[in-house]
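Encoded as structure tokens, the structure appears first; notes follow it.
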Amino acid sequence: MMTLHILNKSPGHPRFGRCLDAVGESDQLLLIENAVLALSVDDIALPGRVIALASDLEARGVSGHREVELIHYDDMVALTAAADRIISW
Amino acid sequence: MMTLHILNKSPGHPRFGRCLDAVGESDQLLLIENAVLALSVDDIALPGRVIALASDLEARGVSGHREVELIHYDDMVALTAAADRIISW
Amino acid sequence: MPASDSVNFTLVITGAPYTSQAPQTALHFARAAIAAGHAIDRVFLYGDGVQLASNLACVPSDEPNWHRSWSEFLTAANIPAVACIASALRRGVINEEERARYELGAANLASPFRLLGLGEWVDRVASTSKVIYFHAGG
Amino acid sequence: MPASDSVNFTLVITGAPYTSQAPQTALHFARAAIAAGHAIDRVFLYGDGVQLASNLACVPSDEPNWHRSWSEFLTAANIPAVACIASALRRGVINEEERARYELGAANLASPFRLLGLGEWVDRVASTSKVIYFHAGG
Amino acid sequence: MSVLIVIDQAPYGNWSGREALDMALSLAAFDQSVSLLFVDAGVNWLRKHQNPAPIQQKGVNRNLAGAQVFGVEELLADQSALQQYRLEPDDLLDGVAVTEQVHELLSNYSHVVCQ
Amino acid sequence: MSVLIVIDQAPYGNWSGREALDMALSLAAFDQSVSLLFVDAGVNWLRKHQNPAPIQQKGVNRNLAGAQVFGVEELLADQSALQQYRLEPDDLLDGVAVTEQVHELLSNYSHVVCQ
Chain A
61 MMTLHILNKS PGHPRFGRCL DAVGESDQLL LIENAVLALS VDDIALPGRV IALASDLEAR
121 GVSGHREVEL IHYDDMVALT AAADRIISW
Chain B
61 MMTLHILNKS PGHPRFGRCL DAVGESDQLL LIENAVLALS VDDIALPGRV IALASDLEAR
121 GVSGHREVEL IHYDDMVALT AAADRIISW
Chain C
13 MPASDSVNFT LVITGAPYTS QAPQTALHFA RAAIAAGHAI DRVFLYGDGV QLASNLACVP
73 SDEPNWHRSW SEFLTAANIP AVACIASALR RGVINEEERA RYELGAANLA SPFRLLGLGE
133 WVDRVASTSK VIYFHAGG
Chain D
13 MPASDSVNFT LVITGAPYTS QAPQTALHFA RAAIAAGHAI DRVFLYGDGV QLASNLACVP
73 SDEPNWHRSW SEFLTAANIP AVACIASALR RGVINEEERA RYELGAANLA SPFRLLGLGE
133 WVDRVASTSK VIYFHAGG
Chain E
864 MSVLIVIDQA PYGNWSGREA LDMALSLAAF DQSVSLLFVD AGVNWLRKHQ NPAPIQQKGV
924 NRNLAGAQVF GVEELLADQS ALQQYRLEPD DLLDGVAVTE QVHELLSNYS HVVCQ
Chain F
864 MSVLIVIDQA PYGNWSGREA LDMALSLAAF DQSVSLLFVD AGVNWLRKHQ NPAPIQQKGV
924 NRNLAGAQVF GVEELLADQS ALQQYRLEPD DLLDGVAVTE QVHELLSNYS HVVCQ
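Chains as they are written, first to last, in my numbering: chain A, 61 to 149; chain B, 61 to 149; chain C, 13 to 150; chain D, 13 to 150; chain E, 864 to 978; chain F, 864 to 978.
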């Protein structure tokens, strides 16, 4: 079962860490809203496949030097349509 | 200058730690609302003089085994009236 | 035209406009879902999210009015929108019926939004609908 | 009777009722302050705190209605209460004047609350008043 | 379809836990399979002897204690959060099951809500 | 009377930083002494090249860049937060002063607001 985790909290928020703990090896992590700021933080170990909403990065002026797949809202729809399960943190 | 710090966030909230960092030796720390839960947590080093609102402890069923001065709203008024400066976190 | 692999989404919004980004992200998502041929069978407002249903928001002309944008979208796409009645009444979001029941001076919720119970959400969770939550960030 | 060492307080509430505990804590504080002979020269609602001024909250009869409790207290103690107009308009809390200006169907803010700018807060910060903030917890 | 409602906010300071509990009770009322999981500061909902009368709020102890009677399958609490708040089994409402494996537990549910 | 407005929330995800900035600008407009301090995720308000048009929000870069013109005395940023978010001086709006001593700095102000 592939779970898509949608995370919208800043790295300092308690739920940010809880979400990362819950992401399994075959899961996907989608960073939206303030969570995209995690891409500029060095010492956060983000799990395997990380995806982020491009417009939220652009809004915040984050370039995202980390390995990340940038997507748009239509791709977000496709991801949720394909996921077996979705958890919004 | 004596500062009264009023803290109403749970121990896991980022602002909880920021408040504790800011409490100086001659300052007072007043725990209200969810912040009273800190009294049941072992590994938090609360600064010198800690005060807590009794009704918020009672609401949450926290007995507060730590050294703490329990007060009521009228005492909170007296504390704020006496403080040189008040910061609500 | 629904795509052959089209999905029925239910969107649950729990963050308020002008407080959180939730209603904005949800609207971008909803527009993209419809454009891709998927269906949205319900939008459910819960907790602080019920504020999106208030028709009294006054927004400077150079900023989006999220209540109006959502209302126009819901009407055009013919999507039922429900605000949880228990969340809404406490937060002062009421329709004409509740205005009369509580003998208040005004109502601020009207079409396309309706006030209904959590059963509307349970019904979608129990269905084959994909339920996506849009919470307040932080 | 003001005590000889009485203080002028200004209370700023930024957390909403039925979302945060801020309006409750602030009311307990305000009652205790008046009982002790202090003065409260203004209550200022800012950010989500403006929701406290909405007169449309409908609360089950076995729960306190914080809007009503605050309104009764403010009226009895003759304390001016101001909701920040910029915060309030975006969040759908409007008085009769704004209702007319924006050509909307209803207003939900009335006496003892008024809509005014941040200048009302600046004025208190610049005075000898002790300004206490009641934020949303978490 | 089995639903897990996760509560990570402490009681009384904000409304989100209260409204998450309402979600669980509604699912149970409509005969849907639902459990509650308390993590982080959320475990404080499970303390015995809560008395929110002095802050003029309604207690939820009765709702929580009765949750299983109303059809909520399990009240689960994260062991590490209980430890953080020094909550021993005796301090908790009846019927709470302690879990050490929150991550694994999540995968047992087809629908997870973090209100 | 000197006021410090502390911003610890990231931009765009919620409104609290925006409304804190309004407080600072209002004080300045009424000729009160005010500075802004950015800590934790709040330092992200200070990034150059923000463009919230794609999420249909108004940018605050112009307001922030102009804050000192409007009378805000200092834009202060916590060094450790800048480091956490890998923000170098070149990444920041003009006119930002970096501080390593947030705690000591607080004591310079007679009125501190954490919106």
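Don't be surprised by glycine CBs; every beta carbon is placed ideally from N, CA and C.
Quick one: does residue i have its CB under 9 angstroms from some CB of chain F?
i, result
"S148 (chain B)", "yes"
Chain E beta carbons: is any one of them nearer than 9 angstroms to that of residue i?
i, result
"Y58 (chain D)", "no"
"G84 (chain B)", "no"
"R126 (chain A)", "no"
"M61 (chain A)", "yes"
Does chain C have any CB closer than 9 angstroms to the CB of residue i?
i, result
"F901 (chain E)", "no"
"L101 (chain D)", "yes"
"T140 (chain A)", "yes"
"T31 (chain D)", "yes"
"A118 (chain D)", "yes"
Relative to the C-alpha of residue i, which candidate in the options has its C-alpha closest?
i, options, result
"R126 (chain A)", "A:R145, A:E93, A:A82 and A:A112", "A:A112"
"G72 (chain B)", "B:D144, B:V101 and B:E85", "B:V101"
"F56 (chain D)", "D:E84, D:E108 and D:I91", "D:I91"
"K69 (chain A)", "A:L80, A:M62, A:E85 and A:T63", "A:L80"
"L99 (chain B)", "E:V935, E:Y948 and E:D871", "E:Y948"
"S86 (chain A)", "A:S123, A:L97, A:E118 and A:T63", "A:T63"
"F901 (chain F)", "F:E967, F:A873 and F:S970", "F:A873"
"F85 (chain C)", "C:G104, C:S139, C:D74 and C:A38", "C:A38"
"S115 (chain A)", "A:A143, A:L89, A:L130 and A:R78", "A:L130"
"A51 (chain D)", "D:Q36, D:N20 and D:W133", "D:N20"
"E963 (chain E)", "E:H974, E:Q946 and E:L955", "E:Q946"
"E75 (chain D)", "E:S973, E:Q931 and E:P915", "E:P915"
"D957 (chain F)", "F:H966, F:S973, F:V976 and F:W908", "F:W908"
"Q33 (chain D)", "D:R54, D:D53 and D:D60", "D:D60"
"G905 (chain F)", "F:A892, F:S879 and F:E936", "F:S879"
"H132 (chain B)", "B:R78, B:G108, B:A82 and B:E93", "B:E93"
"L939 (chain E)", "E:Q895, E:D903 and E:L890", "E:D903"
Would you please state the rounded distance, in angstroms, between the beta carbons of residue i and residue j? I believe it to be under 8 angstroms.
i, j, result
"L121 (chain D)", "N67 (chain D)", "7 angstroms"
"A47 (chain C)", "D134 (chain A)", "7 angstroms"
"Q920 (chain E)", "A138 (chain B)", "The pair is not a contact, with the Cβ atoms about 25 angstroms apart (cut-off 8 angstroms)."
"Q63 (chain C)", "R103 (chain C)", "7 angstroms"
"S99 (chain C)", "E882 (chain E)", "7 angstroms"
"S148 (chain A)", "F146 (chain C)", "7 angstroms"
"L101 (chain D)", "M886 (chain F)", "Going by Cβ atoms, the distance from L101 (chain D) to M886 (chain F) rounds to 17 angstroms, so no, they are not a contact pair."
"S973 (chain E)", "R145 (chain A)", "6 angstroms"
At a Cβ threshold of 9 angstroms, is residue i touching chain D?
i, result
"V94 (chain C)", "no"
"Y875 (chain E)", "yes"
"V137 (chain B)", "yes"
"Q895 (chain F)", "yes"
"L890 (chain F)", "yes"
Can you give me the C-alpha to C-alpha distance between residue i and residue j, rounded to a whole angstrom?
i, j, result
"R43 (chain C)", "L106 (chain B)", "49 angstroms"
"M61 (chain B)", "S141 (chain D)", "17 angstroms"
"L128 (chain C)", "V866 (chain F)", "46 angstroms"
"L888 (chain E)", "P917 (chain F)", "39 angstroms"
"C96 (chain D)", "V961 (chain F)", "32 angstroms"
"A142 (chain B)", "K911 (chain F)", "43 angstroms"
"P952 (chain F)", "Q942 (chain F)", "10 angstroms"
"G49 (chain C)", "D17 (chain C)", "9 angstroms"
"I104 (chain B)", "L23 (chain D)", "30 angstroms"
"E967 (chain F)", "I868 (chain F)", "15 angstroms"
"L97 (chain B)", "G876 (chain E)", "11 angstroms"
"P14 (chain C)", "Y58 (chain D)", "Residue confidence is low: P14 (chain C) scores 49 on pLDDT, short of 50, so the model does not pin down where it sits. No coordinate-derived value is stated."
"L955 (chain E)", "Q36 (chain D)", "27 angstroms"
"N926 (chain F)", "G84 (chain A)", "42 angstroms"
"R136 (chain C)", "I144 (chain C)", "11 angstroms"
"A944 (chain F)", "G149 (chain C)", "20 angstroms"
"C977 (chain E)", "G929 (chain F)", "40 angstroms"
"T26 (chain C)", "T140 (chain B)", "36 angstroms"
Is there a Cβ of chain B sitting closer than 9 angstroms to that of residue i, yes or no?
i, result
"A904 (chain E)", "yes"
"M13 (chain D)", "For M13 (chain D), the predicted model reports a pLDDT of 48, less than 50, meaning its position is unreliable and no value from the coordinates is stated."
"A930 (chain E)", "no"
Exercise. Could you tell me which uninterrupted alpha helix (DSSP H) segments, each at least 4 residues in length, are contained entirely in the region 879 to 958 of chain F, listed from first to last along the chain?
Key: 879 to 892, 924 to 928 and 942 to 947
Practice problem: Write down every uninterrupted run of the alpha helix (DSSP H) in the region 21 to 73 of chain C whose length is 4 residues or greater and which is fully enclosed by it, in chain order. | Solution: 34 to 47
Practice problem: Report the residue ranges of all beta strand (DSSP E) runs contained in full by the region 78 to 145 of chain A; include only those spanning at least 3 residues, in chain order. | Solution: 88 to 91, 109 to 113 and 129 to 131
Quiz item: Which ranges would you report for the alpha helix (DSSP H) in the region 82 to 127 of chain C if only whole runs of at least 4 residues count?
Solution: 97 to 102 and 108 to 113
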